[in-house]
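J.: Chains as they are written, first to last, in my numbering: chain A, 10 to 408; chain B, 10 to 408. Virtual Cβ for every residue (Gly too), placed ideally from N, Cα, C. Sharing a structure with you now.
2 protein chains.
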Amino acid sequence: MASASLVEKLQLRVRELEEALARERGGGQGQRARIERMSPEVTDSNPYSRLMALKRMGIVKDYEKIRTFTVAVVGVGGVGSVTAEMLTRCGIGKLLLFDYDKVELANMNRLFFQPHQAGLSKVQAAEHTLRNINPDVQFEVHNYNITTVDNFQHFMDRISYGGLEEGKPVDLVLSCVDNFEARMAINTACNELGQTWMESGVSENAVSGHIQLIIPGESACFACAPPLVVAANIDEKTLKREGVCAASLPTTMGVVAGILVQNVLKFLLNFGTVSYYLGYNAMQDFFPTMAMKPNPHCDDKNCRKQQEEYKEKTAAQPKQVVVEQEEEIVHEDNDWGIELVSEVSEEELQAASGPLPDLPKGITVAYTIPNKEENVVAVETVAESEESLEELMAKMKNM
Amino acid sequence: MASASLVEKLQLRVRELEEALARERGGGQGQRARIERMSPEVTDSNPYSRLMALKRMGIVKDYEKIRTFTVAVVGVGGVGSVTAEMLTRCGIGKLLLFDYDKVELANMNRLFFQPHQAGLSKVQAAEHTLRNINPDVQFEVHNYNITTVDNFQHFMDRISYGGLEEGKPVDLVLSCVDNFEARMAINTACNELGQTWMESGVSENAVSGHIQLIIPGESACFACAPPLVVAANIDEKTLKREGVCAASLPTTMGVVAGILVQNVLKFLLNFGTVSYYLGYNAMQDFFPTMAMKPNPHCDDKNCRKQQEEYKEKTAAQPKQVVVEQEEEIVHEDNDWGIELVSEVSEEELQAASGPLPDLPKGITVAYTIPNKEENVVAVETVAESEESLEELMAKMKNM
């Protein structure tokens, strides 16, 4: 067969090149061998010693469990590529990567991709680099846009059946995309599947970002309190002007990837407090946290369905059981006093929060540092009352 | 739509190996050409378009100025390597790297270094990778321990004369080391030279970190309020037990590198609020900020000298001028109400701050979320009174 001989020729060429490269590099070593079991042994050659030390330090009970988890990363750009690298280096069991873009020199102001990869598809370039970094991780990459009808169905299938053991669902979906259409597609899929996921985003001026944990039915989904562009049904493509591109910084994207994967580790390995929402205002080094209840009138019918199921489930649980489980469940209701800052109009922001900082004309920040006393009031108003969310929605739709 | 076929994968591997080999044999193919001037042009091939967009977004007035700055990074480990990569991708003028360690597989749980670099010196491996990422940056690397007598003098010389234009000092020194001895060496050098620097650190349990801006004479130096191990003159080597290693995470180190380089960009390019101190408590997603005045009885005589000079300088300035300069100086005194959380004993912490979180036995966090009302008191006590710092010092020395 012709293709078989082509494969053989290519395999031979790969071997030749690898040997030549190893000779050129002299001192350096080749790819590391696979490691069967994570060991806590403290040797220079053990890539897991500093992670397994989290057990001895009392932070994580069972670090090896990381190998049993599958995470899907949608969008392998400035945030997604670093997210995938961090999970790979932590020794995650399996990674699914989704993207349809190619690497460009214009991406070199962010971490991960290198100039020699320009022109390659992002998922293929990423898989290659990540495999070299940690051959113990399983990779599955899809070079397509998840928002087209066919691809969306395939995306749903892989979330449902692409786990470490084929046929099982993935453990977590991470949204690292740069547009609302893709975020809404992920939201729709996860609401239908009851799939827990985390959202991430960086502002167009590169100095704000956020991460968000969405547990369908339990916390607000992306459609419960949509950004204006989504609520008003505006085609976001019309917002992007010719020849204008968003600013980005490796710092902001590195921080957002870092807090995202930290939240993933806390969620999967059950340590610390998992954040429902964590914002990053780089101009002022302010990091607001909040938790949002789902909107009972959410436009997504599957979100409303998940809310009903969640209500029934929690109502059916006897109180005693809830108390016993408290230490196990890392993502419980916000009764530990997490601060809430609302993303509302500038007037409301100014009334509810601290004074707007002295910024150059035309610059806005996603969050301001709230006033101490008023902040307490803001928590009660926005966190407890479902009306305020709806009012906000109604207001946006009337704009 | 489906994942890449075997032939495609092999072709990709051949191409990457050929490019890697070409680079290894003396650059050429894979490496991008040098770029004479930073352009805002929005094309796929412009590696600076997303950074220059910061000007159009109104964030930075003169982004090109980044090319005129020199930064020295001391310690090229989990934080320092990512710090150097971010600065390289941002297009910094010149980087000086100092480290004496070799890359090991045990470092693979952090970003940047790759398994095939195991055995190479960290500064050489880093320089090779960074030059490929951005050939516009100038690199100067030193493979030595800065704390020995001879090396320390050479280190001081390079800080004084190793700027972009030989003979001029560097603009900023970044401490990304993992021990107090090296931090004290950097502190001593910078106090003597009046050199502004930034400190960074990650805790041994991998779930806390911080960055700190030190302007000799103006803000507290590392010796003004030293950690117990330094104040009590304990040899830290005796604290490290055989076969025990610190835990580390790519997430925490990525976040610390991100907030460090963000602070560097804000400081050098004059935008946003530069933080004097920013902490990161990963267990609770809490980020305390504070500012500390220098200790007039600091053990370092050069710190005391710098304090005198700073006092004279500010006293000599007529009040009007100070007001006019306010918008220019990004690192002014703390009168914008930044929160202060003291690093004191657990009892004091509990009294001054919020309740300690429910953590596994034996775990401590570097910071807790302060109680709303009591926090105001804490700011006054620790920020305003110099006595509390000295009391703390005296207490530590008596231990």
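When we look at the beta-carbon of Arg119/B and count the other beta-carbons within 10 Å, is it buried (16 or more) or exposed?
T.: If you number the second sequence from 1, residue 119/B lands on position 110. Classification of Arg119/B: buried, given that the 10 Å Cβ count is 16 or more.
J.: Starting from Gly102/A, find everything on chain B with Cβ-Cβ shorter than 8 Å and list it in chain order.
T.: Sequence index remark: in the first sequence, residue 102/A carries index 93 (1-based). The contacting residues do not exist; Gly102/A stays about 16 Å from chain B at best.
J.: Looking at Asn304/A and Cys199/A, is the spacing between their C-beta atoms short of 8 Å?
T.: As a position in the first sequence, residue 199/A is number 190, starting the count at 1. As a position in the first sequence, residue 304/A is number 295, starting the count at 1. Going by C-beta atoms, Cys199/A is not nearer than 8 Å to Asn304/A.
J.: For a contact meaning CB atoms closer than 8 Å, what does Leu181/A contact in chain B?
T.: Residue mapping note: residue 181/A aligns to position 172 of the first sequence, counting from 1. Ordered by position in chain B, no residue passes the 8 Å Cβ test against Leu181/A, which lies about 15 Å from the chain.
J.: For the alpha helix (DSSP H) that Asn290/B lies in, which residues bound it at each end?
T.: In the second sequence, residue 290/B corresponds to position 281, counting from 1. Element bounds for Asn290/B: not the alpha helix (DSSP H) but the beta strand (DSSP E), 286-290.
J.: Determine the burial state of Glu245/B: buried for a count of at least 16 other Cβ atoms within 10 Å of its Cβ, exposed for fewer.
T.: For the purposes of this step, residue 245/B is taken as the residue at position 236 of the second sequence. With fewer than 16 other Cβ atoms within 10 Å, it is exposed.
J.: Can you list the residues of chain A that Glu27/B reaches, using a CB-CB cut of under 7 Å?
T.: The residue given as residue 27/B occupies position 18 in the second sequence. Neighbours of Glu27/B on chain A, chain order: Leu26.
J.: From which residue to which residue does the alpha helix (DSSP H) around Lys302/A run?
T.: For the purposes of this step, residue 302/A is identified with residue 293 of the first sequence, where counting begins at 1. First-last for Lys302/A: undefined, no H or E at that position.
J.: Counting only C-beta atoms, is Ile168/A closer than 8 Å to chain B at any point?
T.: The residue given as residue 168/A occupies position 159 in the first sequence. Taking Cβ atoms only, chain B never reaches closer than 8 Å to Ile168/A, which makes this a no.
J.: Under a three-way DSSP split, which group does Glu208/A fall into?
T.: Along the first sequence, read from residue 1 onward, the residue named residue 208/A stands at position 199. In the structure shown, Glu208/A sits in a strand (DSSP, three-state: E or B).
J.: Taking all protein chains shown into account, decide if Thr298/A is buried (16 or more other Cβ within 10 angstroms of its Cβ) or exposed.
T.: Here residue 298/A refers to the residue found at position 289 of the first sequence. With 16 or more other Cβ atoms within 10 Å, it is buried.
J.: Does chain A have any CB closer than 8 Å to the CB of Met66/B?
T.: Your numbering for residue 66/B matches position 57 in the second sequence. Yes, Met66/B lies at the interface with chain A (some Cβ there is under 8 Å from its Cβ).
J.: State the DSSP-derived secondary structure class of Gly172/B, mapped to helix, strand or coil.
T.: On the second sequence, position 163 is the one that residue 172/B refers to. Gly172/B: coil per DSSP, three-state reduction.
J.: Just tell me which of Gly102/A, Ala215/A, Tyr319/A, Ile224/A has its CA closest to the CA of Ser284/A.
T.: Looking up residue 284/A in the first sequence gives position 275. Among Gly102/A, Ala215/A, Tyr319/A, Ile224/A, the Cα nearest to that of Ser284/A is on Ile224/A.
J.: Answer with yes or no whether the minimum CB distance from Glu355/B to chain A is below 8 Å.
T.: Your numbering for residue 355/B matches position 346 in the second sequence. Unreliable placement is indicated for Glu355/B, whose pLDDT of 41 sits below 50; the coordinate value is still reported in the next sentence. By this cut-off, Glu355/B is not an interface position.
J.: Which runs of the beta strand (DSSP E) spanning at least 3 residues fall entirely within the stretch 31-113 of chain B, listed in chain order?
T.: DSSP runs (the beta strand (DSSP E)) wholly in the stretch 31-113 of chain B: 79-83, 103-107.
J.: What in chain A is Cβ-close to Val80/B, meaning under 7 Å?
T.: To locate residue 80/B, count along the second sequence from 1; it is residue 71. Correct list: empty, because the minimum Cβ distance to chain A is about 14 Å.
J.: With a 10 Å radius around its C-beta and 16 neighbouring C-beta atoms as the bar for buried, classify Gln326/B as buried or exposed.
T.: Taking the second sequence and counting its residues from 1, one reaches residue 326/B at position 317. The residue is exposed, with fewer than 16 neighbouring Cβ atoms inside 10 Å.
J.: Between Glu190/B, Phe189/B, Glu208/B, which has its C-alpha nearest Val182/B's C-alpha?
T.: Position 173 of the second sequence holds residue 182/B. Nearest option by C-alpha distance: Glu208/B.
J.: So, do the stretch 139-155 of chain A and the stretch 93-104 of chain A have three or more beta carbon pairs nearer to each other than 8 Å?
T.: Flag = yes, the stretch 139-155 of chain A and the stretch 93-104 of chain A touch.
J.: In three-state DSSP terms, what is Leu120/B?
T.: Against the second sequence, residue 120/B aligns to sequence position 111. DSSP places Leu120/B in coil when its eight states are reduced to three.
J.: Pull up the distance between the alpha-carbon of Gly6/A and that of Ile142/A, whole angstroms please.
T.: Shown here, chain A extends from 10 to 408; a query on residue 6/A therefore has no answer.
J.: From Leu30/A to Arg140/B, what distance separates their C-alpha atoms?
T.: Residue 30/A sits at position 21 when you count from the first residue of the first sequence. Residue 140/B sits at position 131 when you count from the first residue of the second sequence. The straight-line gap from Cα to Cα measures roughly 18 Å.
J.: Mind listing the chain A neighbours of Cys99/B? Cutoff is C-beta to C-beta under 9 Å, in chain order.
T.: Numbered from its first residue, the second sequence carries residue 99/B at position 90. Within chain A, the residues near Cys99/B are Asn118, Leu258, Pro259, Thr260.
J.: Say whether chain A places a C-beta atom closer than 8 Å to the C-beta of Met95/B.
T.: Numbered from 1 along the second sequence, position 86 holds the residue referred to as residue 95/B. Answer yes: the Cβ-Cβ gap between Met95/B and chain A drops below 8 Å somewhere.
J.: What in chain A is Cβ-close to Pro56/B, meaning under 7 Å?
T.: Counting from 1 along the second sequence, the entry for residue 56/B is found at position 47. By Cβ distance, chain A contributes Leu114, Ala115, Met117, Asn118.
J.: Residues bridged to Val150/A by DSSP?
T.: Stepping through the first sequence from its first residue, residue 150/A is reached at position 141. Partner(s): Leu106/A.
J.: How big is the Cα-Cα spacing for Lys275/A and Gln162/B?
T.: In the first sequence, the residue the question calls residue 275/A occupies position 266. In the second sequence, the residue the question calls residue 162/B occupies position 153. Taking the straight line from one Cα to the other gives about 45 Å.
J.: With a cut-off of 8 Å, does the C-beta of Met165/B fall near any C-beta of chain A?
T.: Position 156 of the second sequence holds residue 165/B. With 8 Å as the cut-off, Met165/B does not count as an interface residue toward chain A.
J.: Helix, strand or coil: how does DSSP classify Gln326/B here?
T.: As a working mapping, residue 326/B is identified with position 317 in the second sequence. In the structure shown, Gln326/B sits in coil (DSSP, three-state: anything other than H, G, I, E or B).
J.: Under 7 Å Cβ-Cβ, which residues of chain D neighbour Leu19/B?
T.: Among the chains of the structure shown, chain D does not appear; the protein chains present are A and B.
J.: Around the C-beta of Asn55/B, are 16 or more other C-beta atoms found within 10 angstroms, so that it is buried, or is it exposed?
T.: The count along the second sequence starts at 1 and reaches residue 55/B at position 46. Buried, since its Cβ has 16 or more Cβ neighbours within 10 Å.
J.: Among Ser58/B, Ala135/B, Arg313/B, which residue has its Cα nearest to the Cα of Val117/A?
T.: Translated into the one-based positions of the first sequence, residue 117/A becomes position 108. For clarity, residue 117/A is Met in the given sequence; the question names Val instead. When only C-alpha atoms are compared, the closest one is Ser58/B.
J.: Using a Cβ-Cβ distance under 8 Å, would Gln409/A count as near chain B?
T.: In the structure as shown, chain A starts at 10 and stops at 408, and residue 409/A therefore has no counterpart that could be examined.
J.: Kindly confirm or deny that the stretch 159-174 of chain B and the stretch 72-83 of chain B touch, where touching means at least three C-beta pairs closer than 8 Å.
T.: In short, these stretches touch, since the Cβ pair count reaches three.
J.: Please determine, among Phe164/B, Val82/B, Glu213/B, Ala300/B, the residue with the shortest C-alpha to C-alpha distance to Glu418/B.
T.: Past the boundaries of the shown model lies residue 418/B; chain B is included only from 10 to 408, so the question cannot be answered.
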